[in-house]
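Data block below; observations after.
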Amino acid sequence: MITIMVITDVANDKDRTFAEVLTNKNYMNIKSTFLFILGLFGFLISCESGGNIKSDNDVATNKSNIVLKGQSKVEDGVSAQNILQIAMSSEAHTTLVAGVQATGLEDVLANNGPLTVFAPTNPAFDKLPQGTLENLLKPENLQTLKTIILYHAAPGTYKKSLLKDGQKLYMATGDYLHVERSEDEVFVNGSKILTTFEGTNGIIHVIDDVFLPVKK
Amino acid sequence: MKYINKIKSVLTLIVIALIVAGISSCGQQAKDTDAFRKGALSSDVASRVYVAPGEYDEFYAFVSGGFSGQLAVYGLPSGRLLRVIPVFSVDPEKAYGFSEETKPMLETSFGFQPWDDAHHPELSQTDGSTDGRWCFINGNNTPRVARIDLTTFETAEIIEIPNSGGNHSSPFTTENTEYVVAGTRFSVPYPQQDVAINTYADKFKGMLSFIKVNPESGLMNIEFQVLLPAFDYDLAHSGKGKSHGWTFFTSYNTEKASTLLEVGASQNDKDFIAAINWKKAEEYLAQGKGHDVPANYKHNVYDEATHMATSNQMNTVKVLLPEECPGLVYFLPTPKSPHGIDVDPTGEYIVGNGKLSADLTVHSFTNMIAAIDNKEYDTIIEGIPVLKFEKVLAGTVKAAGLGPLHTEFDGRGNGYTSFFISSEIVKWKVGTWEVLDRVSTYYSIGHLMIPGGDSKNPQGKYMVAMNKITKDRYLPTGPEVTQSAQLFDITGDKMELLLDFPTIGEPHYAQGISADRIVSKSKKIYKLEENNHPYAAKSEDATQVVRDGKDVHVYMTMIRSHFSPDNIEGIKVGDKVYFHVTNLEQDYDVPHGFSVMGFENAEILVMPGQTETITWIPSRVGVYPFYCTDFCSALHQEMQGYIRVSAANSSTELKWSLGE
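Chains as they are written, first to last, in the working numbering: chain A, 2 to 217; chain B, 34 to 693.
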């Protein structure tokens with residue numbers, strides 16, 4: 002198994018909103034041609050078996066009055082913020098949050114954890130080739146989007162001070178991220194940790210790259 | 034630079050495009066469970082869990098109280114709490130651990146332990162089916178295994194496990210209850226000694242214990258222990274059918290970290306399942322290969338005839354060393370800190386739930402035996418062959434959820450696995466590894482239970498999810514809120530949530546059994562003529578008060594609605610008064626209680642035909658009332674007496690009476 006982090010400087014419109022991405026009809030034309038020609042590179046993400054996006058009713062709407070709302074919907078008014086709530090309150094992470102919501106991962110990020118999430122900013126998503134996001138948000142691709150998001154989450158509380166040079170971080174997908182440290186600067190798969198938030202159920206390290214898991 | 038950037042861009046495109054293309058061929062996606070559930074839930078689920086007043090539940094559920102140290106008994110499907118059985122903790126309801134008769138049950142080599150952490154109930158089995166004789170449960174903190182007698186629903190025996198630290202992978206049974214097992218979660222120095230913690234990798238060991246269970250009496254003894262490397266042995270299950278004779282233990286921390294395990298124990302791609310051939314162990318023991326090793330542990334047994342427990346000091350244990358016993362132990366590499374290990378009803382498939390993995394790893398017993406026969410070893414660790422992963426693997430349930438913990442089976446070819454991080458249960462098909470259904474739990478499930486779901490013959494009608502977190506699921510009760518069990522109907526293609534109910538302590542794991550396997554054996558009273566308690570008074574004529582120095586023994590009886598004697602004089606400050614109280618009733622469900630004002634100890638609750646003893650050291654002169662604490666009759670309020678306490682140097686005559 003290999004993992005790579007994709008560093009990209011594909012210029013994209015930084016002002017593009019998630020909604021605009023969703024409505025962009027021109028996606029992956031020439032690029033998908035590239036795909037088949039260059040498929041011989043042999044990178045392939047694994048195909049995962051079915052039914053993986055949550056399909057439970059999210060809210061209390063059934064005749065037996067069984068309440069089916071997940072942990073992300075719990076509001077107590079006093080608890081400190083969890084990872085999900087921190088992400089949702091961050092203007093820089095609206096794209097990530099939209100992906101989390103589309104893939105039904107809210108409850109995972111609100112559960113007891115502990116998780117360490119490397120949270121790509123909106124500009125990080127903007128670095129992806131045009132059309133990528135809207136493709137990933139198609140119903141048939143949500144599982145891949147979910148995998149990509151989970152590739153940014155590690156079970157455990159990896160405070161920045163605990164991240165050591167040469168360390169491997171085991172991610173929720175089963176892949177590893179690689180840590181490099183240069184004094185106070187910490188890089189994960191080459192991407193610098195810009196800032197860190199501590200949530201009740203884990204840690205958010207803000208990065209400005211999107212990591213893509215690739216399985217051989 | 035521009036050139037490099039272009040390459041980067043192209044590479045990016047390739048990767049992303051491949052990802053998107055790759056999944057688009059995957060086909061099967063989110064199923065139409067929404068529509069189904071809306072339909073199912075619109076039916077009246079309440080009627081399916083309603084057990085009319087006076088009717089019986091169909092199943093017993095024995096649900097661990099976790100950190101309460103107790104075992105709760107519920108009826109299914111109603112979720113009604115029937116009884117809380119004290120096991121590893123003192124209990125103010127039943128005087129367990131307070132009465133002189135039960136205090137020895139909580140003795141350990143560290144002294145009296147009033148509270149421990151109980152995790153895994155395990156019902157005894159005959160030919161792979163739950164037989165309703167005993168329920169075993171592990172004490173986690175000070176390593177012990179208890180046996181509960183299911184005729185009385187009382188703790189009958191507790192055995193301490195030496196050379197162990199954190200008895201977590203326990204007390205899972207073999208298919209005829211030949212053994213229950215006790216694997217150490219925390220490796221400890223072997224022998225226990227004063228060493229630097231950073232010598233962990235060299236000085237520490239992990240011990241797996243096999244406790245033999247007498248098929249008639251149920252009495253336990255540690256038949257042998259197997260010395261293994263210093264990993265954390267997490268859970269266990271024994272083989273069945275074709276794999277009968279083997280027991281499988283998961284391990285994590287094969288990195289041998291001794292600090293910050295949340296980082297250090299997640300480094301290896303694979304940890305191990307330890308497969309122990311216990312029939313082979315019996316051969317080696319017969320050959321004298323067991324080392325008699327000094328050990329210090331207690332074996333506490335409650336005698337139903339005397340109504341008394343005794344605590345016995347044990348001083349030795351037999352240890353087998355894998356280096357000296359080829360074929361005794363093999364390691365099966367299993368990805369990412371496997372937690373639960375569960376063997377399907379056929380005994381062929383061994384499911385290791387890598388709790389940090391998204392996948393379930395399923396090994397094949399047939400493959401394992403072939404790999405052993407062909408010596409398909411990756412390496413050998415401390416005399417233990419590590420089998421090649423790909424040679425034992427049967428299949429993988431792919432990307433089923435996040436944080437897989439435990440699997441149970443329904444007997445219809447399906448596995449059900451709990452996922453903590455994604456808070457759900459996933460149903461999958463044994464053999465094809467296809468995900469069939471998923472349901473959320475509310476919230477944060479640990480174990481799940483299907484009656485007989487870890488045996489050869491599951492009774493797959495209901496499934497219980499045991500949740501660690503409830504937050505807003507019930508009326509708030511301050512910062513500490515109840516944990517919960519959730520009941521599902523699993524008879525259809527889709528799992529269906531019927532009910533959730535609060536539990537005591539932490540509902541860590543549970544066992545279920547159809548009620549008919551227990552009901553007819555349940556004891557109603559203790560026969561007075563069989564009461565061999567040395568201080569029993571089996572009639573009012575036999576009651577007396579006997580002074581022996583400062584010790585005063587009161588042989589007391591109770592029957593509706595008086596004590597005999599009910600007037601006692603001649604007790605002095607500083608005496609140690611033993612009230613040996615016999616309940617003369619021979620009538621189902623008529624216990625009596627007893628307590629004296631100023632007791633520093635507790636009350637006692639005495640079943641019909643039983644004798645219990647409670648001690649009292651009076652500290653002040655005066656006349657003190659005692660009374661029945663369990664409502665017994667219309668004249669319960671009249672069921673009282675007085676005991677007079679005189680000064681230590683007084684000459685008050687010792688006397689006792691009733692109705693004078």
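C-beta atoms are modelled at their ideal positions from N, C-alpha and C, and glycine is treated no differently.
Checking 8 Å against the spacing of the C-beta atoms, do residue i and residue j come in under that value?
{"i": "Val463(B)", "j": "Asp526(B)", "result": "no"}
{"i": "Val497(B)", "j": "Ala94(B)", "result": "yes"}
{"i": "His206(A)", "j": "Phe119(A)", "result": "yes"}
{"i": "His541(B)", "j": "His153(B)", "result": "yes"}
{"i": "Phe627(B)", "j": "Cys661(B)", "result": "yes"}
{"i": "Asn333(B)", "j": "Glu155(B)", "result": "no"}
{"i": "Tyr568(B)", "j": "Met640(B)", "result": "no"}
{"i": "Glu645(B)", "j": "Ser344(B)", "result": "no"}
{"i": "Pro371(B)", "j": "Asp302(B)", "result": "no"}
{"i": "Tyr89(B)", "j": "Glu193(B)", "result": "no"}
{"i": "Gly380(B)", "j": "Glu441(B)", "result": "no"}
{"i": "Ile383(B)", "j": "His396(B)", "result": "yes"}
{"i": "Gly1(A)", "j": "Pro115(A)", "result": "Outside the shown range of chain A (2 to 217) lies residue 1(A), about which nothing can therefore be said."}
{"i": "Val120(B)", "j": "Phe131(B)", "result": "no"}
{"i": "Val579(B)", "j": "Val610(B)", "result": "no"}
{"i": "Gly674(B)", "j": "Phe596(B)", "result": "yes"}
Please report how far the alpha carbon of residue i lies from the alpha carbon of residue j, in whole angstroms.
{"i": "Ile194(A)", "j": "Thr515(B)", "result": "39 Å"}
{"i": "Gln258(B)", "j": "Val352(B)", "result": "5 Å"}
{"i": "Phe198(A)", "j": "Ile87(A)", "result": "8 Å"}
{"i": "Pro86(B)", "j": "Asp522(B)", "result": "22 Å"}
{"i": "Gly493(B)", "j": "Gly444(B)", "result": "6 Å"}
{"i": "Asp164(B)", "j": "Thr280(B)", "result": "20 Å"}
{"i": "Lys71(B)", "j": "Val459(B)", "result": "For Lys71(B), the predicted model reports a pLDDT of 42, less than 50, meaning its position is unreliable and no value from the coordinates is stated."}
{"i": "Lys139(A)", "j": "Met528(B)", "result": "28 Å"}
{"i": "Glu686(B)", "j": "Val656(B)", "result": "15 Å"}
{"i": "Glu49(A)", "j": "Phe100(B)", "result": "Residue confidence for Glu49(A) is low, a pLDDT of 40 falling below 50, so the modelled location carries little weight; the figure read from the coordinates is stated next. Roughly 38 Å between the two C-alpha positions."}
{"i": "Tyr507(B)", "j": "Ser65(A)", "result": "17 Å"}
{"i": "Ala298(B)", "j": "Ala570(B)", "result": "59 Å"}
{"i": "Tyr177(A)", "j": "Leu361(B)", "result": "35 Å"}
{"i": "Lys236(B)", "j": "His201(B)", "result": "21 Å"}
{"i": "Trp649(B)", "j": "Gly582(B)", "result": "15 Å"}
{"i": "Ala548(B)", "j": "Asn286(B)", "result": "40 Å"}
Who pairs with residue i in a beta bridge, going by DSSP?
{"i": "Pro121(A)", "result": "Ile208(A)"}
{"i": "Ile551(B)", "result": "According to DSSP, which records beta bridges pairwise, Ile551(B) is partnered with nothing at all."}
{"i": "Ile604(B)", "result": "Val678(B)"}
{"i": "Phe169(B)", "result": "Glu155(B), Arg180(B)"}
{"i": "Ser284(B)", "result": "Tyr266(B)"}
{"i": "Val101(A)", "result": "DSSP, once it has assigned bridges, lists no residue as partnering Val101(A)."}
{"i": "Gly448(B)", "result": "Phe442(B), Trp461(B)"}
{"i": "Asp581(B)", "result": "Asp584(B)"}
{"i": "Ile592(B)", "result": "His595(B)"}
{"i": "Glu186(A)", "result": "Ser183(A)"}
{"i": "Glu199(A)", "result": "Ile204(A)"}
{"i": "Ile150(A)", "result": "Partner(s): none; Ile150(A) has no beta bridge."}
{"i": "Arg81(B)", "result": "Note: Arg81(B) sits in no beta bridge, so no partner."}
Below 7 Å CB to CB, which residues in the same chain sit around residue i once its five sequence neighbours on both sides are set aside?
{"i": "Val78(B)", "result": "Leu531"}
{"i": "Ser455(B)", "result": "Gly434, Leu435, Gly436"}
{"i": "Glu707(B)", "result": "Beyond the ends of chain B as shown, which are 34 and 693, falls residue 707(B); an answer cannot be given."}
{"i": "Ser652(B)", "result": "Val606"}
With a CB to CB cut of under 8 Å and the five nearest residues on each side skipped, what residues in its chain are close to residue i?
{"i": "Val106(B)", "result": "Tyr93, Ala94, Phe95, Val96, Leu114, Leu115, Arg116, Val117, Ile118, Phe186"}
{"i": "Leu420(B)", "result": "Tyr363, Phe364, Leu365, Pro366, Met401, Ala404, Ile405, Glu409, Tyr410, Asp411"}
{"i": "Arg81(B)", "result": "Pro110, Asp522, Leu531"}
{"i": "Glu101(A)", "result": "Here the sequence assigns Val to residue 101(A), which means Glu is not the residue at that position. These residues qualify, in order along the chain: Leu85, Ala88, Glu107, Leu110, Ile150."}
{"i": "Leu44(B)", "result": "In this prediction, Leu44(B) has a pLDDT of 49, which is less than 50 and means its spatial position is unreliable; what the coordinates show is noted afterwards. Excluding residues within five positions, none has a Cβ falling inside 8 Å."}
Leaving aside the five residues before and after residue i along the sequence, list all residues of the same chain whose C-beta is less than 6 Å from its C-beta, in chain order.
{"i": "Ser390(B)", "result": "Pro368, Lys369"}
Segments assigned beta strand (DSSP E), at least 3 residues, entirely inside the segment 323-349 of chain B = 324-336
Please specify which runs of the beta strand (DSSP E), each continuous and at least 3 residues long, are wholly inside the segment 455-538 of chain B, giving them in chain order.
-> 457-462, 468-473, 478-482, 495-500, 517-522, 529-535
Unbroken beta strand (DSSP E) runs of length 3 or more, entirely within the segment 636-666 of chain B: which are they?
-> 637-639, 644-649, 655-660
At 4 residues or longer, and completely inside the segment 356-413 of chain B: list those alpha helix (DSSP H) runs for me, N to C.
-> 398-406
In the segment 185-264 of chain B, which residue ranges form an unbroken alpha helix (DSSP H) of at least 4 residues, counting only runs that do not cross its ends?
-> 233-236
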